[in-house]
Amino acid sequence: APTATMTEAGEAALRRFHEWCRAEGVTYDEEAVDITTHADGTMGIDRYHYAVYAKRNLAVDTPVVTAIPKAACLSARTCSVAETLREARLGGGLALNIAIMHERSLGEGSRWAGYFAVLPARGERTLPMFWTSAQLEHLRGTDLLRHVTEDAESMRLDFGENVVDGLCVTHPASFPPGKHTLEAYMEAASLAASRAFFIGEECGEALVPWADMFNHKTDGEHVHVLGADDDDEVCPPGDDEEEEESEEE
Numbered sequence: 251a252p253t254a255t256m257t258e259a260g261e262a263a264l265r266r267f268h269e270w271c272r273a274e275g276v277t278y279d280e281e282a283v284d285i286t287t288h289a290d291g292t293m294g295i296d297r298y299h300y301a302v303y304a305k306r307n308l309a310v311d312t313p314v315v316t317a318i319p320k321a322a323c324l325s326a327r328t329c330s331v332a333e334t335l336r337e338a339r340l341g342g343g344l345a346l347n348i349a350i351m352h353e354r355s356l357g358e359g360s361r362w363a364g365y366f367a368v369l370p371a372r373g374e375r376t377l378p379m380f381w382t383s384a385q386l387e388h389l390r391g392t393d394l395l396r397h398v399t400e401d402a403e404s405m406r407l408d409f410g411e412n413v414v415d416g417l418c419v420t421h422p423a424s425f426p427p428g429k430h431t432l433e434a435y436m437e438a439a440s441l442a443a444s445r446a447f448f449i450g451e452e453c454g455e456a457l458v459p460w461a462d463m464f465n466h467k468t469d470g471e472h473v474h475v476l477g478a479d480d481d482d483e484v485c486p487p488g489d490d491e492e493e494e495e496s497e498e499e
């Protein structure tokens, strides 16, 4: 069961996230919404859930409640190895997975360290890619088991071809051989699979701080993202003049 220590640790991580948001120019309407911490005692002390709650009833035409600079979003375009990924001609979900993996490997040296504080430390372990053989047995006879198996093999091949035999060979300064592991790549992929938003043709999919905490369990459009298609708003790394906006409905 969750303990007081776990809750305190979760709240401390949330405070750090808010400090990071202020530094990155991520803003929100403090009178309209707030983030609440939920500790989950079933998956270890590093597991917390964060969710956005409305402080009052918000009408459909409520003004924007959060504004997130695109430069604060973690994508293959904004990460610290963006140029390397472009040189290697890597894009799409593969490039995003590598970008997340690399930034997480930097620890406190990453620009997104304060954001990572509120993400699962070991990736989204609830996804089938991390299930044990016994758990996967429950899927036997279904198409889902085939998809899970094929995805796992695809990730293994992608990592081997593009990281171990690719970036570690062509760009060893940024990707030292042996530093990045398949497990770390899978953890990064799980974060992308469970949280990424499309924020425009230039950046593609990205991790969007704040926006990934809104309710997205149902088919209802609880969150409406504005500005995702405005590629003229894309900023180079370190420049956060332009913003992406997220609206609670």
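Numbering (the numbering used here), first residue to last: 251 to 499. Cβ atoms here follow ideal geometry from the backbone N, Cα and C, with glycine treated the same way. This structure is a prediction, so every number in the text was calculated from the model and none was measured.
| Given 8 Å as the limit, is there contact between the region 385 to 395 and the region 306 to 316, that is, 3 or more CB pairs closer than that? | Between the region 385 to 395 and the region 306 to 316 there are fewer than three inter-stretch CB-CB distances shorter than 8 Å, so the stretches are not counted as touching.
| Does the Cβ-Cβ distance between Phe-448 and Val-368 come in under 8 Å? | For the purposes of this step, residue 448 is identified with residue 198 of the sequence shown, where counting begins at 1. For the purposes of this step, residue 368 is identified with residue 118 of the sequence shown, where counting begins at 1. Not closer than 8 Å, so no.
| query | Grouping DSSP H, G and I as helix and E and B as strand, with all else coil, what is Thr-334? | reply | Taking the first residue of the sequence shown as position 1, residue 334 is located at position 84. Helix, per DSSP.
| task | Helix, strand or coil for Glu-281, going by three-state DSSP, please let me know. | result | As a position in the sequence shown, residue 281 is number 31, starting the count at 1. Here Glu-281 sits in coil by DSSP.
| query | When the Cα of Tyr-435 is compared with those of Asn-347, Ala-338, Ile-285, which residue comes out closest? | reply | Here residue 435 refers to the residue found at position 185 of the sequence shown. Comparing Cα positions, the closest option is Asn-347.
| request: State the Cα-Cα distance for the pair Gly-260 and Ala-317, rounded to the nearest angstrom. | output: Start at 1 with the first residue of the sequence shown, and residue 260 comes out as number 10. Start at 1 with the first residue of the sequence shown, and residue 317 comes out as number 67. Spanning the two alpha carbons is a distance of roughly 23 Å.
| said: Measuring straight from C-alpha to C-alpha, what distance separates His-397 and Ser-404? | reply: On the sequence shown, residue 397 is found 147 positions in, with the first residue counted as 1. On the sequence shown, residue 404 is found 154 positions in, with the first residue counted as 1. The straight-line gap separating the alpha-carbon atoms of His-397 and Ser-404 is approximately 10 Å.
| query | Which word fits Val-419, buried or exposed, when buried means at least 16 other C-beta atoms lie within 10 angstroms of its C-beta? | reply | By 1-based counting over the sequence shown, the position of residue 419 is 169. Counting Cβ neighbours within 10 Å, Val-419 comes out exposed, since fewer than 16 surround it.
| task | Figure out for me which residue from Thr-287, Met-463, His-299, Glu-437 has the closest Cα to the Cα of Arg-375. | result | Taking the first residue of the sequence shown as 1, we reach residue 375 at position 125. With distances taken between Cα atoms, Arg-375 lies closest to Glu-437.
| query | Leu-344: buried (16+ other C-beta within 10 angstroms of its C-beta) or exposed? | reply | Here residue 344 is taken as the residue at index 94 of the sequence shown, counted from 1. When all chains shown are included, Leu-344 counts as buried.
| message | So for Glu-258, helix, strand or coil by DSSP? | response | Mapped onto the sequence shown, residue 258 falls at position 8. Helix.
| Spatial distance of Ala-384 from Gly-410 (CA atoms) | Sequence index remark: in the sequence shown, residue 384 carries index 134 (1-based). Sequence index remark: in the sequence shown, residue 410 carries index 160 (1-based). Taking the straight line joining both Cα atoms gives about 27 Å.
| Do Ala-326 and Gly-416 have their C-beta atoms within less than 8 Å of each other? | Within the sequence shown, the letter at position 76 stands for residue 326. Within the sequence shown, the letter at position 166 stands for residue 416. Not in contact: Ala-326 and Gly-416 (Cβ atoms no closer than 8 Å).
| said: Considering Cα atoms alone, identify which of Ala-456, Glu-281, Gly-450 is closest to Ala-439. | reply: Residue numbering aside, residue 439 sits at position 189 when the sequence shown is read from its first letter. Nearest of Ala-456, Glu-281, Gly-450 to Ala-439, Cα basis: Ala-456.
| query | Among Thr-382, Gly-357, Val-413, Glu-452, which one has its Cα closest to the Cα of Thr-399? | reply | Looking up residue 399 in the sequence shown gives position 149. Of the candidates Thr-382, Gly-357, Val-413, Glu-452, the one whose C-alpha sits nearest the C-alpha of Thr-399 is Thr-382.
| Under the three-state reduction of DSSP, which class applies to Ile-295: helix, strand or coil? | As a working note, residue 295 is residue 45 in the sequence shown. The predicted model places Ile-295 with a pLDDT of 44, which falls under 50 and marks its position as unreliable, so this point remains unresolved.
| request: Ignore the nearest five residues each way along the sequence and tell me which others in Asp-408's own chain have a CB closer than 7 Å to its CB. | output: On the sequence shown, position 158 is the one that residue 408 refers to. For Asp-408, same chain residues with a beta-carbon under 7 Å away, outside a window of 5 residues either side, are Leu-344 in chain order.
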